[in-house]
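Reading through the structure tokens given below for one structure.
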Amino acid sequence: MGLRYATPAEGHYDYPLHVGQLLRSALETRSGQSILGSDGRRHDYPEFGRRVHRLANVLTALGVSPGDVVAVMDWDSHRYQECYFAIPMLGAVLQTVNVRLSPEQIAYTLRDTGARVVVFHADFAALVAQLATQLPQLERFVLTHDGQPPASLPLAVAGEYEALLAAAEDRHAFVDIDERALATTFHTTGTTGDPKAVAFSHRQLVLHTLAVGTTLGTQPEGQGLRHGDVYMPVTPMFHVHAWGLPYLATLLGLKQVYPGRYVPAQLLRLRREEGVTFSHCVPTILQMLLDAFGPEDPVDRRWTIIVGGSVQPRALHRAAAAKGITALSGYGMSETAPVLSIARSFAAPGAQRARPSCAAPGTRSRWRSCAWSTRTCRHCRPMASTRANWSRARRG
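Residue numbers 1 to 396, in the UniProt record's numbering, belong to the letters of the sequence shown in order.
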């Protein structure tokens, strides 16, 4: 007989899954929570929405149009969060630049995507000036900073981020974006040769946000992510959208804290003063935080940290627990946006609590014993695949 479909009503509207819908939901929720920026400024969600609109107007004035690539070189900041939304909502593509790559590799990634506009932190001014001489495709530059702007710059810029936003209108006439259009791209170095580009569509980002929200929202002992949590990323926002958690935290209307460049004492101070309860990081960063703990840091067992990037050692898991941190392991890949599975505690022995055993909705997983190792590895097949390199994405 074949598949059957409902007949659409007259004037029906196909609801596209684009990242602007995540922002719209957050603004309509009116959570009353705040977002603390890396520069110490605090604003509420309505102001965050206005800032996204202002940024869109700034970029439009700089000549950004649908399909253009806007690169960002910054630490974990409120500005990055605003770029997560404003750039894709314009129909442009956000390139999150891995600032830890060599200058040659960064130049390669910018050349690979054809980026035309760069939003960069003052810490990278000398590097960006060097790149500008190598890549004539780079046309416009926007400066950001977290304190006093530098007295001089080695290159001409269109303006300073906050000054440009202050001069822009706070309403932009966004239109719905095809959910299959590219929203973001970044380059991964977990391979041989040159960095490889991964591109994500609006649809993939929205589905990933919903899948991770469902996974974290159903943790049996409340150690996941809840409406009352205070979120602070400790994973670089240039790497797979900080595992997609800023999108989820915004969708849920959580209080958010953006720490800027990672300084252990600063991270722990923000945790104390802002009541941070949910973060994510790699094992080396978690160890760095544990080493920096002082007598003023509470052991109140309210801080959940998702640990990924590499296997969480059992000793690290126990050390975190001794400091009151619930360290749950997560697993994923750059190509899967990235979360595939997260541990579920069930008050199990420590070794089991550290395993990423719960697959996110929309994935199928199985365990295999690898021929090259006596250890096991997880092979997951995401139901929504990602094109693995930028060249194929551009042709597609």
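The beta carbon of each residue, even a glycine, is placed where N, CA and C say it ideally should be. These figures come from a predicted structure and were not determined experimentally.
In this structure, how does DSSP classify residue i when only helix, strand and coil are distinguished?
i           : result
residue 33  : coil
residue 369 : Here the model assigns residue 369 a pLDDT of 45, short of 50, so the residue's position is not dependable, and the following value carries that caveat. In this structure, residue 369 counts as strand in the three-state DSSP scheme.
residue 141 : strand
residue 42  : strand
residue 308 : coil
residue 73  : strand
residue 2   : coil
residue 296 : coil
residue 147 : coil
residue 25  : helix
residue 187 : strand
residue 135 : coil
residue 405 : Only positions 1 to 396 of the chain appear in this structure, which leaves residue 405 out of reach.
residue 109 : helix
residue 346 : In this prediction, residue 346 has a pLDDT of 47, which is less than 50 and means its spatial position is unreliable; what the coordinates show is noted afterwards. Of the three classes helix, strand and coil, the one that applies to residue 346 here is coil, per DSSP.
residue 129 : helix
residue 181 : coil
residue 19  : helix
residue 197 : strand
residue 104 : helix
Excluding five sequence neighbours on each side, which residues of the same chain lie with their C-beta closer than 8 Å to the C-beta of residue i?
i           : result
residue 17  : 179, 202, 203, 206 and 207
residue 217 : 224, 225 and 226
residue 113 : 69, 71, 93, 95, 185, 197 and 390
Counting along the chain, where does the beta strand (DSSP E) carrying residue i start and finish?
i           : result
residue 330 : 325-332
residue 173 : Premise fails: residue 173 is in no beta strand (DSSP E) and is neither H nor E.
residue 316 : Not the beta strand (DSSP E): residue 316 falls in the alpha helix (DSSP H), residues 314-322.
residue 121 : 117-121
residue 94  : 93-96
Ends of the alpha helix (DSSP H) at residue i?
i           : result
residue 61  : 45-61
residue 209 : 202-217
residue 88  : 78-89
Within a Cβ cutoff of 7 Å, which residues of the same chain sit near residue i, ignoring the five residues on either side of it in sequence?
i           : result
residue 338 : 240, 243 and 332
residue 26  : 45, 250, 251 and 253
residue 292 : 264, 265 and 268
residue 286 : 305, 307, 316, 320 and 327
residue 270 : 232, 257, 259 and 276
residue 173 : none
Can you have a look at residue i and say buried or exposed, based on whether 16 or more other CB atoms are within 10 angstroms of its CB?
i           : result
residue 187 : buried
residue 227 : exposed
residue 191 : exposed
residue 82  : buried
residue 280 : buried
residue 310 : exposed
residue 76  : buried
residue 148 : exposed
residue 84  : buried
residue 381 : Low confidence applies to residue 381: its pLDDT is 38, below 50, so where it sits in the model is not reliable, and the reading given next is rough at best. By the 10 Å Cβ count, residue 381 comes out exposed.
residue 246 : buried
residue 161 : buried
residue 163 : exposed
residue 12  : exposed
Can you find the residues in the same chain that come closer than 6 Å, C-beta to C-beta, to residue i, ignoring five residues on each side of it along the sequence?
i           : result
residue 256 : 35, 231 and 249
residue 49  : 27
residue 237 : 76 and 80
residue 375 : No answer about residue 375 holds up, because its pLDDT of 40 lies below 50 and its placement is not dependable.
Is residue i near the ligand FMN - that is, is its Cβ less than 7 Å away from at least one heavy atom of it?
i           : result
residue 303 : The ligand content of the structure shown is nil, which means the ligand FMN is not present either.
TODO: Quick one: which unbroken beta strand (DSSP E) runs of 3-plus residues sit fully inside the stretch 220-286? Chain order, please.
DONE: 255-257 and 278-281
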